[in-house]
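Everything in the sequence shown is counted per the UniProt record's numbering, starting at 1 for the first residue and increasing by one.
First up is the structure itself, then whatever we jot down about it.
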Amino acid sequence: MLVIKLVLLTTFGIIFWQDKKERLVHWFLFPIIGLCSAILSYNNIVEELLLLSLIINLLFTTSLILVIYLYSKFKLKTSIKNTFGLGDALLFFALSFTFPSITFIILFVFGLLFSLIIHLVLNHKQQQQQQQQQQQQQQQQQQQQQQQQQQQQQQQVTVPLAGYLSLFFGLTFLSHWIGILPTLYIF
């Protein structure tokens, strides 16, 4: 069981790193998350409730992705490819194997809130650093600054959601295993 836990934590860490740095994650990491999570769930959830929890979690995940699709199509009038990454969807489905339904939904919502807060904090720091760099560059060459501003306006802001969720769930599992969160598999 220790090996499964280490593989799971390592995989969460790799997903976080890859998504944060490159905004791309290797696809084979998601089945590893799903498989390790399924094994841990099988050992911690009553067999009769395991399948029911999995079905509810998958329905919740599918519904969430459907809402994102519809919002992208009708409200934003763009393709889901421009608003939501495939890696994010694959992680959503892989995380469906993690916990019983109530625990999963609560942790998933808090994971999304965690992702939003982390992104806003890190994005704010990054903007401050860019402003400082721009002020220095403005003193040196105003022409280069105008070119950089145009490039920044053209770049689309993306959120490494799979990475932030991996960090959150990795910390959640670790907290459970060291005894900080003792009852994750009850509900």
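All C-beta atoms, glycine included, are put in the ideal place defined by N, C-alpha and C.
A direct Cα-to-Cα measurement between residue 104 and residue 97 gives close to 9 angstroms.
A straight-line Cα-Cα distance of about 10 angstroms links residue 80 and residue 65. In this structure, residue 37 sits away from residue 101, with a CB-CB distance that is not shorter than 7 angstroms. Taking C-beta separations shorter than 7 angstroms and ignoring five residues to either side along the sequence, the partners of residue 7 in its chain run 32 and 36, following chain order. Cβ neighbours of residue 185 within its own chain (closer than 8 angstroms, five residues either side excluded): 41, 44, 45, 99, 100 and 103. Take residue 58, set aside five residues on each side of it, and the residues of its chain with a beta-carbon closer than 8 angstroms to its own are 93 and 96, in chain order.
The beta carbon of residue 119 sits closer than 6 angstroms to the beta carbons of 159 from its chain, once the five residues preceding and following it are set aside; these are given in chain order. Residue range 2 to 22 is occupied by the alpha helix (DSSP H) that includes residue 11.
DSSP, read as helix, strand or coil, puts residue 119 in helix.
Annotated as distal: residue 30 and residue 112, with beta-carbon spacing of 7 angstroms or more. If you compare the alpha carbons of 136, 110, 130 and 122 with that of residue 172, the shortest gap goes to 110. Boundaries of the alpha helix (DSSP H) harbouring residue 32: 29 to 44, taken from the DSSP string. For residue 71, no alpha helix (DSSP H) segment is defined, and its DSSP state is neither H nor E.
Close CB contacts of residue 181 within its chain, under the 6 angstroms cut and outside five residues either way in sequence, are with 175 (chain order). Annotation for residue 161: 88 and 115 place their beta carbon closer than 6 angstroms to its own, counting only its chain and skipping 5 residues before and after. Looking only at 69, 25, 34 and 20, the smallest Cα-Cα distance to residue 4 is reached by 34. Look at residue 81 here: in three-state DSSP terms it is helix.
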